Amino acid sequence: MQNPRPPAIFLSHGAPPLVDDALWVSQLSAWAGRLPTPTAILGVSAHWEAAPLSIGSTDARTPLTYDFWGFPQRFYDVTYAAPGAPELAAAVEALMPDGETVHRDDGRRLDHGAYVPLTVMYPHADIPVLQISMPALDPVRLLHLGERLRPLRDRGVLIIGSGFTTHGLPYLVDPTPAAAPPGWSAEFDAWAAERLAAGDLDSLIDFRAKAPGMPYAHPTIEHFAPLFVALGASDDAAQRPAQVIDGYWMGLAKRSIELS
């Protein structure tokens with residue numbers, strides 16, 4: 048019997064302390080519970096930019112990448128020993144254009160943009176997971192990458208783009224979890240919600256010029272970029288996705304979407 052076909056999703060993953068936010072944990076856990084159980088998970092995180100396209104380790108013994116600083120020790124003690132996904136890695140390579148270089152990075156496995164949400168969504172760590180890099184931040188190039196990856200969903204693979212809908216950390220005045228969103232964060236989030244609801248792909252691609260709140264909402268754009276991989280991996284990048292999670296954490300928009 049063939050596994051049900053998973054969607055492609057974009058989620059706002061947050062810093063490791065987001066797992067202490069009971070609301071986010073309940074939202075993300077409930078979302079995962081509604082999804083068909085994937086045969087494997089392919090993650091694209093804001094925290095791994097590398098060209099050419101790089102494929103992470105398929106060995107579950109490879110340590111996690113604790114790519115954050117200044118947090119309590121308990122966040123560095125987290126483990127997530129999900130099975131490696133060598134067959135998925137080979138499939139990703141096979142889907143890339145002829146002549147395009149693909150790098151295998153056997154020393155890197157999952158960074159916090161991948162494993163933090165997975166500890167909530169699939170806490171038993173029993174589903175094979177693979178992370179790949181973003182080879183560029185250009186939205187059109189990332190859409191094309193997602194299009195290349197789309198057939199993996201027919202094999203039961205859940206494709207996750209993991210970032211944050213706003214990420215203006217340098218401009219936060221109140222960094223407490225329940226802080227009210229700054230104007231630039233609320234404006235960008237409202238614009239993103241409207242453009243997604245309208246299926247306005249052209250505006251989303253041109254968000255740096257068209258979205259209010261810029262450049263404060265994204266002084267660097269790597270946290271919005273994974274959205275375009277998810278859009279490309281969907282059946283129609285101009286669809287009107289389900290907006291599953293909204294609201295704010297530390298004033299940053301945690302809007303997350305599901306794409307058929």
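Under the numbering used here, the first residue of the sequence shown carries the number 48, and numbering increases by one thereafter.
By construction, the Cβ of each residue, glycine as well, lies at the ideal position given by its N, Cα and C atoms.
Quick caveat: nothing in here was measured; it's all calculated off a predicted structure.
- For Y123, the CB contacts under 7 Å within the same chain, skipping 5 residues up- and downstream, are Y113 in chain order.
- R287 carries a coil assignment under DSSP once its states are collapsed to helix, strand and coil.
- A residue is called buried once 16 or more other Cβ atoms fall within 10 Å of its Cβ, and Q178 is buried on that count.
- Membership of V91 in the beta strand (DSSP E) is indicated by the continuous run 87 to 96.
- Around the beta carbon of P175, 16 or more other beta carbons lie within 10 angstroms, which makes this residue buried.
- In the DSSP assignment, E305 forms a beta bridge with I56, A289.
- By the neighbour-count criterion, in which 16 or more other beta carbons inside 10 Å mark a residue as buried, D158 falls on the buried side.
- DSSP places H150 in the strand class (E or B) of the three-state scheme.
- Beyond the five residues adjoining it in sequence on each side, P186 comes within less than 6 Å, by CB distance, of I252, F275 in the same chain, given in chain order.
- DSSP places I174 outside both helix and strand once states are collapsed to three, so it counts as coil.
- Shown here for P53: same chain residues with a beta carbon closer than 8 Å to its own, the five before and five after excluded, namely L82, P83, P85, R200, G203, V204, L205, I206 in chain order.
- Closest in C-alpha terms to P288, from the list L216, L165, R242, comes R242.
- Under the DSSP assignment, V204 falls in the beta strand (DSSP E) whose first and last residues are 204 to 210.
- In the three-state reduction of the DSSP assignment, D106 falls in the coil class, being assigned neither a helical nor a strand state.
- The beta carbon of D221 sits closer than 7 Å to those of G298, all from its chain and outside the five residues before and after it, given in chain order.
- Assigned with DSSP and collapsed to three states, I179 falls in strand.
- DSSP lists Y295 as the beta-bridge partner residues of A300.
- Around the Cβ of S307, a 10 Å sphere holds fewer than 16 other Cβ atoms; the residue is exposed.
- In the structure shown, the three-state DSSP call for S101 is strand.
- Taking 8 Å as the upper bound for CB-CB distance, A280 and A55 are in contact here, some 4 Å apart.
- Remark: C-beta atoms of H94 and G160 approach each other more closely than 7 Å.
- Nearest in C-alpha terms to V163, of all of P229, V91, Q290, is V91.
- A97 and D236 have their C-alpha atoms spaced approximately 27 Å apart.
- Taking C-beta atoms under 8 Å as the contact rule, G103 and D152 qualify, at a distance of about 6 Å.
- In this structure, V149 and P99 form a Cβ contact; the two beta carbons are roughly 6 Å apart against a cut-off of 8 Å.
- By the neighbour-count definition (other C-beta atoms within 10 Å, threshold 16), H270 is a buried residue.
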